[in-house]
Amino acid sequence: MTLTIPDVEQWRPEQLTTAATNAATLATRLDGLAASGRTNAETLQWSGPAGTAAKTRMDTEKTRTGAVSAALLELQTALNVEVGNLTETKNKVLQLRDAAQTPNGEMPGFQVAADGTVSAQARMDYLRKHADGKANVEGECVAEMYLAAVHQWHIANALKAAADTAERARVAVENAAVKLDQAFTTLGDPTLNVVAPTAPASTTPASTTAPPSDKPSNSSQLMSNSGSGSGSGGGGGGGSSSGGGSWSESALASGGPPTKMPTGEQAQWIQEAIRVLRENGYDVSDSDAAIIAAIIEKESGGNPNAINLWDSNAAAGIPSKGLMQTIDPTFNSYKLAGHDDIWNPVDNIIAGSRYAIERYGSLSNVPGIVAMSQNQGYVGY
68 MTLTIPDVEQ WRPEQLTTAA TNAATLATRL DGLAASGRTN AETLQWSGPA GTAAKTRMDT
128 EKTRTGAVSA ALLELQTALN VEVGNLTETK NKVLQLRDAA QTPNGEMPGF QVAADGTVSA
188 QARMDYLRKH ADGKANVEGE CVAEMYLAAV HQWHIANALK AAADTAERAR VAVENAAVKL
248 DQAFTTLGDP TLNVVAPTAP ASTTPASTTA PPSDKPSNSS QLMSNSGSGS GSGGGGGGGS
308 SSGGGSWSES ALASGGPPTK MPTGEQAQWI QEAIRVLREN GYDVSDSDAA IIAAIIEKES
368 GGNPNAINLW DSNAAAGIPS KGLMQTIDPT FNSYKLAGHD DIWNPVDNII AGSRYAIERY
428 GSLSNVPGIV AMSQNQGYVG Y
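First residue of the sequence shown: 68, per our numbering; consecutive thereafter.
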């Protein structure tokens, strides 16, 4: 690696300090989240297969996240060490350059090129111009050429040291980053390799949703297909106890997208969510309200307090919640500013709709809606 003085001058070692601080902060937060997940799983006091699956998952993830935290701290150490080395090397190069360029009284300083070459020409010109009949002026010029060579030697050595330091820093940080990447890949998908219990745990709160009589296939990472919500009447029919309108598969008996518009309080929630989505650049039509209502009916039965405690997401400690049955990580990724309450009907619809649009291109492309338009059973999204 060949470096020039401007190259070294542009170094910003302090940015590595910021990166090191961020790595340490992330490690601390990761440890805290892992511990919190384990504590939350214990606090729920689940029994049966769901409880066992949750405990096993949390123990596994704590071990895996611990490896990531250790790798982050190793990266922090590497960054902090190299900050000092790079700062010292940079300062040395610039100090030597400045020392050579600094004028000596009325005599100009040496000229220093980007590659570290030092010229005494300006100083020699000055001596000759102000010789005033001195017989030894050429001897003084030779002395200046010697001093220029000395300055150049020191600067060249400093630039070589800078190149060596930069290469060592690159290797050290790269090695730490590789270890971090390896640790990160062990985290895997939290929804994989978790066996869903066949029935809710015995400690399931009375306020949670009941398993649907026509429970659809396994859902995506966003939804858990809890079917009808508490008091919704079961399956895909019946109005919800929250005041939302009803919707059934008969609406699609002849194919095509849902057309039955929501009514009552549910209609107000959907309309408000659509308004917010439009304000944030999403092309959501009035007719999409029927699609959203259909998804809500199938996912939660219109119950904004619905929670699924018996699928693989629940076993992993992230049960699906609310009208559109979002899990916390997905809700947090797709919520909008000022709409960060997963239990709030409007906020839940916003996050669920954004997820569906981002993943499938439009609400009408949601797999469950496509399936039902083809007279097939609903599937989660």
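Backbone N, C-alpha and C fix where the C-beta goes; we use that ideal spot for every residue, glycine too.
Less than 8 Å between the beta carbons of residue 179 and residue 188, yes or no?
For the purposes of this step, residue 179 is taken as the residue at position 112 of the sequence shown. For the purposes of this step, residue 188 is taken as the residue at position 121 of the sequence shown. Contact flag unset, no.
contact_flag[the segment 75 to 85, the segment 147 to 157] where n(CB pairs < 8 Å) is 3 or more
yes
Sort out for me which residues DSSP pairs residue 393 with in a bridge.
Along the sequence shown, one-based indexing puts residue 393 at 326. Beta-bridge pairing links residue 393 to 388.
N- and C-terminal bounds of the alpha helix (DSSP H) containing residue 335
Position 268 of the sequence shown holds residue 335. Residues 331 to 346.
Excluding the five sequence neighbours on either side, which residues of its own chain have a C-beta within less than 7 Å of the C-beta of residue 272, listed in chain order?
For the purposes of this step, residue 272 is identified with residue 205 of the sequence shown, where counting begins at 1. The pLDDT assigned to residue 272 is 38, lower than 50, so where the model puts this residue is not dependable; a value taken from the coordinates is nonetheless given after this. Excluding sequence neighbours, residue 272 sits near nothing in its chain.
Extent of the continuous alpha helix (DSSP H) to which residue 413 belongs
The residue you call residue 413 lines up with position 346 of the sequence shown. Residues 412 to 427.
Span of the alpha helix (DSSP H) around residue 445
Your numbering for residue 445 matches position 378 in the sequence shown. No alpha helix (DSSP H) holds residue 445; DSSP gives it neither H nor E.
When you compare only the Cα positions, how much space is there between residue 155 and residue 184?
Residue 155 sits at position 88 when you count from the first residue of the sequence shown. Residue 184 sits at position 117 when you count from the first residue of the sequence shown. Near 21 Å, if we compare the C-alpha coordinates of residue 184 and residue 155.
If you compare alpha carbons, which of 363, 215 and 338 is closest to residue 445?
Counting from 1 along the sequence shown, the entry for residue 445 is found at position 378. For the residues 363, 215 and 338, the minimum Cα distance to residue 445 belongs to 363.
N-terminal and C-terminal residue of the alpha helix (DSSP H) that residue 365 is part of:
Along the sequence shown, one-based indexing puts residue 365 at 298. It spans 355 to 367 - the alpha helix (DSSP H) in which residue 365 sits, taken as one unbroken run.
Option in 437, 389, 134 and 165 with minimal Cα separation from residue 76
As a working note, residue 76 is residue 9 in the sequence shown. The residue with the shortest Cα to Cα distance from residue 76 is 165.
Is the beta carbon of residue 204 sitting closer than 8 Å to the one on residue 190?
Locating residue 204 in the sequence shown gives position 137, where the first residue counts as 1. Locating residue 190 in the sequence shown gives position 123, where the first residue counts as 1. No, Cβ-Cβ distance for residue 204 and residue 190 is not below 8 Å.
With three or more C-beta pairs closer than 8 Å as the rule, is the segment 345 to 359 touching the segment 367 to 376?
no
Residue 451 bridges to which residues according to DSSP?
The structure shown does not extend to residue 451, since the chain is modelled only from 68 through 448, so no value can be given for it.
Count the other CB atoms, across all protein chains shown, that sit within 10 Å of the CB of residue 415; report buried if there are 16 or more and exposed otherwise.
Residue numbering aside, residue 415 sits at position 348 when the sequence shown is read from its first letter. Its Cβ being crowded by 16 or more others within 10 Å, residue 415 is buried.
Would you list the residues sitting across from residue 171 in a DSSP beta bridge?
Here residue 171 corresponds to residue number 104 of the sequence shown, with the count starting at 1. Bridge partners of residue 171: 174.
Use the C-beta contact count for residue 412: other C-beta atoms within 10 angstroms, 16 or more gives buried, fewer gives exposed.
Mapped onto the sequence shown, residue 412 falls at position 345. It counts as buried.
Please return the same chain residues whose Cβ sits closer than 8 Å to the Cβ of residue 161, not counting the five positions on each side in sequence.
Here residue 161 is taken as the residue at index 94 of the sequence shown, counted from 1. For residue 161, where only same-chain residues beyond five positions count, the Cβ hits under 8 Å are 72, 75 and 76.
Applying the 10 Å Cβ sphere with the 16-neighbour rule, what's the burial state of residue 181?
By one-based count along the sequence shown, residue 181 stands at place 114. Classification of residue 181: exposed, given that the 10 Å Cβ count is below 16.
Within the continuous alpha helix (DSSP H) that includes residue 190, where are the two ends?
In the sequence shown, counting from the first residue as 1, residue 190 sits at position 123. Segment 188 to 196, the alpha helix (DSSP H) holding residue 190.
Write down the C-beta distance between residue 338 and residue 356 rounded to the nearest angstrom, noting that I regard them as a contact closer than 8 Å.
Counting from 1 along the sequence shown, the entry for residue 338 is found at position 271. Counting from 1 along the sequence shown, the entry for residue 356 is found at position 289. With 8 Å as the limit, residue 338 and residue 356 qualify as a contact, their Cβ atoms being about 7 Å apart.
Could you check the C-alpha separation between residue 391 and residue 99 for me, to the nearest Å?
To locate residue 391, count along the sequence shown from 1; it is residue 324. To locate residue 99, count along the sequence shown from 1; it is residue 32. Rounded to the nearest angstrom, the two C-alpha atoms are 28 Å apart.
Run through the DSSP bridge pairs and tell me what residue 185 is partnered with.
Within the sequence shown, the letter at position 118 stands for residue 185. Note: residue 185 sits in a beta bridge opposite 179.
Could you tell me the distance, in whole angstroms, from the CA atom of residue 377 to the CA atom of residue 429?
Reading the sequence shown from its first residue, position 310 is the one you call residue 377. Reading the sequence shown from its first residue, position 362 is the one you call residue 429. Rounded to whole angstroms, residue 377 to residue 429 spans 29 Å at the Cα level.
Does residue 209 pass the burial test, meaning 16 or more other C-beta atoms within 10 Å, or should it be called exposed?
The sequence position of residue 209 within the sequence shown is 142, counting from 1. Classification for residue 209: exposed.
Assuming residue 470 and residue 153 form a contact by the criterion Cβ under 8 Å, report the distance between their Cβ atoms to the nearest whole angstrom.
Since the displayed the chain opens at 68 and closes at 448, residue 470 lies outside it and no answer follows.
Using beta-carbon positions only, say whether residue 344 and residue 400 come within less than 8 Å of one another.
In the sequence shown, the residue the question calls residue 344 occupies position 277. In the sequence shown, the residue the question calls residue 400 occupies position 333. No; because the gap between Cβ atoms is not below 8 Å, this pair is not in contact.
Is residue 310 helix, strand or coil by DSSP?
Indexing the sequence shown from 1 puts residue 310 at position 243. Model confidence at residue 310 stands at a pLDDT of 31, short of 50, so the residue's coordinates are unreliable; what they give is reported in the following sentence. Three-state DSSP puts residue 310 in coil, outside helix and strand.
Compute the distance between the beta-carbons of residue 410 and residue 384, then report whether it is under 8 Å.
As a working note, residue 410 is residue 343 in the sequence shown. As a working note, residue 384 is residue 317 in the sequence shown. No, Cβ-Cβ distance for residue 410 and residue 384 is not below 8 Å.
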